[in-house]
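**Q** Quick one: structure below, then a few questions.
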Amino acid sequence: MNTASAPAEEPRWLTDEEQRTWRAYMHAATLLEDHLDRQLQRDAGMPHVYYGLLVQLVEAPRRRLRMTELAMNAKITRSRLSHAIARLEKNGWVRREDCPSDKRGQFAVLTDQGHEMLSKAAPGHVSAVRQAFFDRLTPEQHQALGDAMRVIAEGLQPKDAGADLPWLR
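Residue numbers (the working numbering): 156 to 324.
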């Protein structure tokens with residue numbers, strides 16, 4: 156039995172143009188997230204990820220979601236979600252409720268105070284998103300970028316039960 160391993164396949168290195176595109180994406184994504192995070196910290200006293208959690212809750216039926224669904228939608232680990240919800244509870248913006256059909260499950264519920272905070276924060280945030288993102292793109296660029304990001308997201312979110320995804324950790 157030959158135990159010698161086959162030679163490793165040569166990596167498919169990025170072309171110069173792919174490298175420029177990748178670095179431009181990484182640079183823009185980092186700057187955009189920082190820009191939006193600083194705007195929300197300054198104007199609403201919360202990080203961007205917390206704002207996203209509140210938006211999910213305000214859009215959910217009865218302003219409540221199972222914690223596991225909230226983590227999945229936010230694409231964050233359960234540990235990070237738990238920490239975020241604890242901070243949002245401390246601010247009075249969210250409360251947890253036990254799930255009557257599953258003793259281990261919990262709901263995150265947007266409070267009236269959280270709804271009010273979100274209503275105050277939303278105009279400034281949407282203005283920052285529009286100024287930093289959409290106003291810089293032509294309608295064709297917006298469409299192409301949206302199409303490309305959906306393809307990438309679909310490819311990175313496997314459907315199999317054993318997938319290593321943040322909300323399953």
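Backbone N, C-alpha and C fix where the C-beta goes; we use that ideal spot for every residue, glycine too.
Output the distance between the C-alpha atoms of residue 251 and residue 237, rounded to the nearest integer angstrom.
**A** Distance between the alpha carbons of residue 251 and residue 237: 10 Å.
**Q** Who are residue 249's beta bridge partners in DSSP?
**A** Its beta-bridge partners are 265.
**Q** State the DSSP-derived secondary structure class of residue 169, mapped to helix, strand or coil.
**A** Correct three-state label for residue 169: coil.
**Q** Taking residue 220 as part of the beta strand (DSSP E), name the residues at either end of that continuous run.
**A** Segment 219-221, the beta strand (DSSP E) holding residue 220.
**Q** Considering only C-alpha positions, which residue in the set 309, 208, 311 is nearest to residue 242?
**A** Per the Cα distances, 208.
**Q** Excluding sequence positions up to five away, which residues of its chain have a Cβ less than 8 Å from the Cβ of residue 177?
**A** These residues qualify, in order along the chain: 169.
**Q** Can you tell me which of the three DSSP states residue 200 falls into?
**A** DSSP places residue 200 in coil when its eight states are reduced to three.
**Q** Can you list, in chain order, the residues of its chain whose CB lies under 7 Å from that of residue 165, leaving out five sequence neighbours each side?
**A** Counting only Cβ-Cβ distances below 7 Å, and skipping sequence neighbours, we find nothing.
**Q** Taking the C-alpha atoms as reference points, what is the distance between residue 270 and residue 255?
**A** Distance between the alpha carbons of residue 270 and residue 255: 24 Å.
**Q** Note down the Cα distance separating residue 309 from residue 303, rounded to an integer number of angstroms.
**A** Each residue's Cα considered, the two are about 10 Å apart.
**Q** In or out: residue 194 buried (at least 16 other Cβ within 10 Å) or exposed?
**A** Buried, since its Cβ has 16 or more Cβ neighbours within 10 Å.
**Q** Where does residue 230 fall in DSSP's three states?
**A** Here residue 230 sits in coil by DSSP.
**Q** Could you work out which residue in 204, 181, 172, 275 is closest to residue 192 when comparing CA atoms only?
**A** Of the listed residues, the one whose Cα sits closest to residue 192 is 204.
**Q** Is residue 275 helix, strand or coil when you go by DSSP?
**A** Helix.
**Q** I'd like to confirm the pairing. Which residues does DSSP put opposite residue 192 in its beta bridges?
**A** DSSP lists no partner for residue 192.
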